[in-house]
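Undergrad:
Number of protein chains: 2
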Amino acid sequence: MLHNAANSANDADSTDEERFTITQLAREFGITTRAMRFYEAQGLLSPARSGTTRIYSARDRVRLKLVLRGKRLGLTLKEIANILDMYDAEPGEAGQLRYMLERLQDQRDVLEKQRDDIDLTLAELDVIESQCRQRLSTVAASE
Amino acid sequence: MLHNAANSANDADSTDEERFTITQLAREFGITTRAMRFYEAQGLLSPARSGTTRIYSARDRVRLKLVLRGKRLGLTLKEIANILDMYDAEPGEAGQLRYMLERLQDQRDVLEKQRDDIDLTLAELDVIESQCRQRLSTVAASE
DNA sequence: CGTTACGTTTACGTAAACGTCAAGCAACGG
DNA sequence: CCGTTGCTTGACGTTTACGTAAACGTAACG
């Protein structure tokens, strides 16, 4: 078993990064190892290897977190990949930077539209709920 | 062709509801007729029929709008159907009403979580964008 | 009267995102 | 040494949400 964490002051290794196994992260985030391997196949993750075994760093963990957040927003894995790529994109030339700014704005537009949709939906849930409570009080009275 | 709208003061029909063809609505919302028929097959829409031809009412149109909003939020058609069902649910008995209130709260939790995710993502896009503009000004200076 | 436009059903195809085996290697406990 | 546990790579199955094509009806247009 991999001795993990709880090693504070020793270790010859210069970087004291925590390392995780695939099942550790899977359990932590409530997903399957199959899903994680799939994300890797899609280029969303690229953990180190010890032999054939995957070793996830803290950075990998953050990326996974971002993937799952993207999923909650209903983004496809491809869209998530595009965002992740922007995170650690090489400087690049002016044209590419300008293109990237456009894509960023597109993403922002989608998210803001989505926030509006959420607010609308929440407002309608309020209406339904109050109607529901109304009926409930009426029904409860006749029991 | 169906003479639509623009008939204000006549018509023996008591309800002056507008009626739409499938292609009208499809064009209006930028989707395909195939999609609309699919939504119907999944129980999300149930337009009237004139012979075999579908006739959509204003109410059908609203439902379609809600379906598309749900889609933008990343909901599955099944989830959307559940929400729509709550819209026009029969009063029902107390137990069912209480169950419905729970489902409503679940939905609210998801949406609020989603809004938090959006705010986080927007904040990160800001960071990326400003870095992007930084580099761009640097690069632009050396041209 | 042919074709163009719009409507229908039925049915097979497809992309995305995994689920679910199967078969195999590696270490560790008893 | 043998079995359990945890990791690996295929590879095929499944669900969702349509796309796409075939084959047909019908109403208007020139």
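Each protein sequence line maps, in turn, to chains Z and V.
Under the working numbering, the first residue of the first sequence is numbered 1, with each subsequent residue one higher.
Under the working numbering, the first residue of the second sequence is numbered 1, with each subsequent residue one higher.
Glycine is no exception: its CB is placed at the ideal position from the N, C-alpha and C atoms.
At a Cβ threshold of 9 Å, is Tyr87(V) touching chain Z?
TA: As a working mapping, residue 87(V) is identified with position 87 in the second sequence. Cβ-Cβ to chain Z under 9 Å: yes for Tyr87(V).
Undergrad: Along the chain, where does the alpha helix (DSSP H) containing Ala140(Z) start, and where does it finish?
TA: For the purposes of this step, residue 140(Z) is taken as the residue at position 140 of the first sequence. Where Ala140(Z) is concerned, the enclosing alpha helix (DSSP H) stretches over 94 to 141.
Undergrad: Distance check for Asp106(V) and Ser130(Z), CA to CA, integer angstroms please.
TA: As a working note, residue 130(Z) is residue 130 in the first sequence. As a working note, residue 106(V) is residue 106 in the second sequence. Straight-line Cα distance between these residues: approximately 16 Å.
Undergrad: Which word fits Val62(V), buried or exposed, when buried means at least 16 other C-beta atoms lie within 10 angstroms of its C-beta?
TA: Here residue 62(V) corresponds to residue number 62 of the second sequence, with the count starting at 1. It counts as exposed.
Undergrad: Locate the beta strand (DSSP E) running through Ile55(Z), then write down its first and last residues.
TA: If you number the first sequence from 1, residue 55(Z) lands on position 55. Unbroken beta strand (DSSP E) run through Ile55(Z): 53 to 57.
Undergrad: Helix, strand or coil for Ala89(V) per DSSP?
TA: For the purposes of this step, residue 89(V) is identified with residue 89 of the second sequence, where counting begins at 1. In this structure, Ala89(V) counts as coil in the three-state DSSP scheme.
Undergrad: With a cut-off of 8 Å, do at least 3 Cβ pairs link the stretch 79 to 89 of chain Z to the stretch 74 to 92 of chain V?
TA: no
Undergrad: For Lys148(V) and Ala141(V), what's the separation of their Cα atoms in angstroms?
TA: Examination of residue 148(V) is not possible in this model, given that chain V is present from 1 through 143 alone.
Undergrad: Expressed to the nearest angstrom, what Euclidean distance is found between the alpha-carbon atoms of Phe29(Z) and Arg98(V)?
TA: For this step, residue 29(Z) is matched to residue 29 along the first sequence. For this step, residue 98(V) is matched to residue 98 along the second sequence. Each residue's Cα considered, the two are about 31 Å apart.
Undergrad: Does the Cβ-Cβ distance between Arg69(Z) and Asp126(V) come in under 9 Å?
TA: Residue 69(Z) sits at position 69 when you count from the first residue of the first sequence. Residue 126(V) sits at position 126 when you count from the first residue of the second sequence. Cβ atoms of Arg69(Z) and Asp126(V): not closer than 9 Å.
Undergrad: In angstroms, rounded to a whole number, what distance separates the CA positions of Gly74(Z) and Met36(V)?
TA: Counted from its first residue, the first sequence places residue 74(Z) at position 74. Counted from its first residue, the second sequence places residue 36(V) at position 36. In a straight line, the C-alpha of Gly74(Z) is about 21 Å away from that of Met36(V).
Undergrad: Gly30(V) versus chain Z: which residues are under 8 Å apart at the beta carbon?
TA: For the purposes of this step, residue 30(V) is identified with residue 30 of the second sequence, where counting begins at 1. By Cβ distance, chain Z contributes nothing, its closest Cβ being about 14 Å from Gly30(V), past 8 Å.
Undergrad: Contact criterion: CB-CB distance below 9 Å. Does Leu45(V) meet it with respect to chain Z?
TA: By one-based count along the second sequence, residue 45(V) stands at place 45. So no, Leu45(V) is outside the interface.
Undergrad: Does the distance from the C-beta atom of Leu136(Z) to that of Leu101(V) stay below 9 Å?
TA: In the first sequence, the residue the question calls residue 136(Z) occupies position 136. In the second sequence, the residue the question calls residue 101(V) occupies position 101. Between Leu136(Z) and Leu101(V), the gap from beta carbon to beta carbon is short of 9 Å.
Undergrad: Starting from the beta carbon of Leu84(Z), find every residue of chain V whose beta carbon is closer than 7 Å, and list them in chain order.
TA: The count along the first sequence starts at 1 and reaches residue 84(Z) at position 84. None at all; the shortest Cβ gap to chain V is about 11 Å.
Undergrad: Gln134(Z): buried (16+ other C-beta within 10 angstroms of its C-beta) or exposed?
TA: Numbered from its first residue, the first sequence carries residue 134(Z) at position 134. By the neighbour-count rule (16 or more Cβ atoms within 10 Å), Gln134(Z) is not buried but exposed.
Undergrad: Tell me whether Arg27(V), by its Cβ, gets closer than 8 Å to a heavy atom of the ligand MG.
TA: As for the ligand MG, it is missing from this structure, which has no ligand bound.
Undergrad: Do Asp60(Z) and Leu84(Z) have their C-beta atoms within less than 9 Å of each other?
TA: In the first sequence, residue 60(Z) corresponds to position 60, counting from 1. In the first sequence, residue 84(Z) corresponds to position 84, counting from 1. Going by C-beta atoms, Asp60(Z) is not nearer than 9 Å to Leu84(Z).
Undergrad: Taking a contact to mean a Cβ-Cβ separation below 9 Å, would you say Arg27(V) touches Glu40(V) in this structure?
TA: Taking the first residue of the second sequence as position 1, residue 27(V) is located at position 27. Taking the first residue of the second sequence as position 1, residue 40(V) is located at position 40. No; because the gap between Cβ atoms is not below 9 Å, this pair is not in contact.
Undergrad: Can you have a look at Leu120(Z) and say buried or exposed, based on whether 16 or more other CB atoms are within 10 angstroms of its CB?
TA: If you number the first sequence from 1, residue 120(Z) lands on position 120. The residue in question, Leu120(Z), is exposed, as its Cβ has fewer than 16 Cβ neighbours within 10 Å.
Undergrad: Rounding to the nearest angstrom, what Cα-Cα distance links Tyr56(Z) and Ile22(Z) in this structure?
TA: As a position in the first sequence, residue 56(Z) is number 56, starting the count at 1. As a position in the first sequence, residue 22(Z) is number 22, starting the count at 1. As the crow flies, the alpha-carbon of Tyr56(Z) is around 7 Å from that of Ile22(Z).
Undergrad: Cβ closer than 7 Å: which chain Z residues qualify as neighbours of Asp117(V)?
TA: Counting from one through the second sequence, the residue named residue 117(V) turns up at place 117. Correct list: Arg69, Arg72, Leu73.
Undergrad: Can you name the residues of chain Z whose CB is closer than 7 Å to the CB of Leu101(V)?
TA: Stepping through the second sequence from its first residue, residue 101(V) is reached at position 101. Within 7 Å Cβ-Cβ: Glu129, Cys132.
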